[in-house]
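K.L.:
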Amino acid sequence: MVSSHPHLLAALVALTTLLTPRPALAVEPIDPSLCHCFLTDGTRLRYFSHHKFFDFRNIANPGIPAPIDDRTGATNAPLTNAYFSSANFSNTWSVQAWAGGSSDATVWNTYSKNDVYIARNSDANPSSSTYLTLRTYRHGTGDFQSSAEIESVSSSYQYVSMRMYARTRGASGAVTAMFTYRGGATEADVQEADLEILTQEASNQVHYTNQPSQVGGVARPDATKQVTIPGSWSDWQVHRYDWTPGSSDWYVDGTSVASIQYQAPVDPTTLLFNVWSDGGSWSGVMATGQSAEMQIQWIELIYNNTAEPSQFAHCANVCTVDVGTQPGVPVLLYSGP
14 MVSSHPHLLA ALVALTTLLT PRPALAVEPI DPSLCHCFLT DGTRLRYFSH
64 HKFFDFRNIA NPGIPAPIDD RTGATNAPLT NAYFSSANFS NTWSVQAWAG
114 GSSDATVWNT YSKNDVYIAR NSDANPSSST YLTLRTYRHG TGDFQSSAEI
164 ESVSSSYQYV SMRMYARTRG ASGAVTAMFT YRGGATEADV QEADLEILTQ
214 EASNQVHYTN QPSQVGGVAR PDATKQVTIP GSWSDWQVHR YDWTPGSSDW
264 YVDGTSVASI QYQAPVDPTT LLFNVWSDGG SWSGVMATGQ SAEMQIQWIE
314 LIYNNTAEPS QFAHCANVCT VDVGTQPGVP VLLYSGP
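Following the numbering used here, the numbering of the sequence shown begins with 14 at its first residue and continues without gaps.
Written out as structure tokens, the structure is:
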């Protein structure tokens, strides 16, 4: 998951030393509340004010809900687990329920709370007890697709490093995604940075895009890259998106896989994870009775938010989550007055 990187640590400490000439301390775990800022590694080192970690590896009362074979019932379904009502989750995330699809959809699609649930990890040698699941399912009765989405409560994130330890499993005909989104008055005004996996493609193919990739039917090829990633998205991997001024950068298990500067997001935005299908050309058509899932052990956010200013006047304690041995546990890189 998160491994120790001595060379990265050296680079981070060296940079911090140059920027703030204070005595360096030995790296050690620290209570996140004592961190004044967070420094990320990668191709563009960046300071952020806040850190959150959402751990789905040991959630009580896991269970896989049966699909609801009724359009209205699926759209109006309740939450599937008490965890989704907890302050830890609901202060940051909202499970979505709405109907919609792409312009060339051939199957009616609704986002249902019934398709967001906590499942027990039944791997032969499980690395967790449970995980969060986002599912899309093709219903025969009613001839529709139900899908899953969680969205940040805040739409004021402005620069973020968002990571998930996840895998995609299931039938052809689905899209699984981690992305940022800010709507606009026109198609050209949308600001959206996507990581998208298409289950109809090979399991080492991922699409990375600063949307829109086309406007008025005219393609914008500089906005998107289809990448052959190391390994397979059907296995557990850390997928990471870094949004910094003027750039979108994506990583898989710490390896840089894509960097796009063309129309990188600028304004405050919303964070989302979803799994969907609507029978259109992008997702493809899923067979009746089949499903696909994005299974997530944890989500981590290192971020700035215009509605959540830092409580610290300056950054005395510089922390990072990129050199420790445990996911979600910051270490102290540097300390000063």
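Glycine included, each C-beta is placed from N, C-alpha and C at the ideal position.
Quick one: grab the DSSP three-state call for Phe-51.
P.N.:
In the structure shown, Phe-51 sits in a strand (DSSP, three-state: E or B).
K.L.:
How many Å lie between Ser-165 and Asp-207 at the Cα?
P.N.:
Cα-Cα distance, rounded: 15 Å.
K.L.:
So, helix, strand or coil for Arg-182, using DSSP?
P.N.:
DSSP places Arg-182 in strand when its eight states are reduced to three.
K.L.:
So what's Thr-85 in DSSP terms, helix, strand or just coil?
P.N.:
Three-state DSSP puts Thr-85 in a helix.
K.L.:
Return the Cβ separation of His-49 and Phe-325 in integer angstroms, given the expectation that the two are a contact with Cβ distance under 8 Å.
P.N.:
Yes, they are in contact, since the Cβ atoms of His-49 and Phe-325 sit about 4 Å apart, within 8 Å.
K.L.:
What residue range is occupied by the uninterrupted beta strand (DSSP E) comprising Ser-165?
P.N.:
It spans 157-165 - the beta strand (DSSP E) in which Ser-165 sits, taken as one unbroken run.
K.L.:
Counting along the chain, where does the beta strand (DSSP E) carrying Asn-352 start and finish?
P.N.:
Since the first residue shown for the chain is 14 and the last is 350, residue 352 is missing from the structure and cannot be characterised.
K.L.:
Once you ignore the five residues that flank Phe-157 on each side, which residues in its own chain have a CB closer than 6 Å to its CB?
P.N.:
Contacts found: Arg-84, Trp-121.
K.L.:
Asp-262: which of His-327, Ser-174, Val-331 sits nearest, CA to CA?
P.N.:
When only C-alpha atoms are compared, the closest one is Ser-174.
K.L.:
Please report the straight-line C-alpha distance between Asp-248 and Val-188, rounded to a whole angstrom.
P.N.:
Looking at the two C-alpha atoms, the distance is approximately 16 Å.
K.L.:
Pick out whichever of Ala-112, His-220, Gln-239, Met-177 has its Cα sitting closest to the Cα of Ser-290.
P.N.:
When only C-alpha atoms are compared, the closest one is Ala-112.
K.L.:
Are the Cβ atoms of Ser-245 and Thr-56 separated by less than 8 Å?
P.N.:
No, the pair does not count as a contact, with Cβ atoms beyond the cut-off.
K.L.:
Bridge partners for Arg-253 per DSSP, in chain order?
P.N.:
Paired residue(s): Arg-176, Tyr-264.
K.L.:
What three-state label does DSSP hand Pro-42 in the structure shown?
P.N.:
Strand.
K.L.:
Distance, Cα to Cα, Gly-153 vs Ile-81?
P.N.:
One C-alpha to the other measures close to 11 Å.
K.L.:
Tell me the DSSP secondary structure of Asn-8 in three-state form.
P.N.:
Only positions 14 to 350 of the chain appear in the structure, and residue 8 is not among them; the question remains open.
K.L.:
Between the stretch 123-134 and the stretch 95-114, do at least 3 Cβ pairs fall closer than 8 Å?
P.N.:
Verdict: yes, contact present.
K.L.:
Please report how far the alpha carbon of Ser-115 lies from the alpha carbon of Gly-337, in whole angstroms.
P.N.:
Spanning the two alpha carbons is a distance of roughly 41 Å.
K.L.:
If you draw a straight line from the C-alpha of Gly-197 to the C-alpha of Glu-41, how long is it?
P.N.:
Straight-line Cα distance between these residues: approximately 44 Å.
K.L.:
Kindly indicate which three-state DSSP category Asn-330 falls into: helix, strand or coil?
P.N.:
In this structure, Asn-330 counts as coil in the three-state DSSP scheme.
K.L.:
Whose C-beta lies closer than 8 Å to the C-beta of Phe-102 among residues of the same chain, with five residues either side of it excluded?
P.N.:
If we look at Phe-102 and ignore the five residues flanking it on each side, its Cβ neighbours are Phe-67, Tyr-96.
K.L.:
Rounded to a whole number of angstroms, what is the C-alpha to C-alpha distance between Gly-341 and Phe-51?
P.N.:
Approximately 12 Å, taken between the alpha carbons.
K.L.:
When you compare each of Pro-45, Phe-61, Asp-44 to Pro-258 by their alpha carbons, which one comes out closest?
P.N.:
Among Pro-45, Phe-61, Asp-44, the Cα nearest to that of Pro-258 is on Phe-61.
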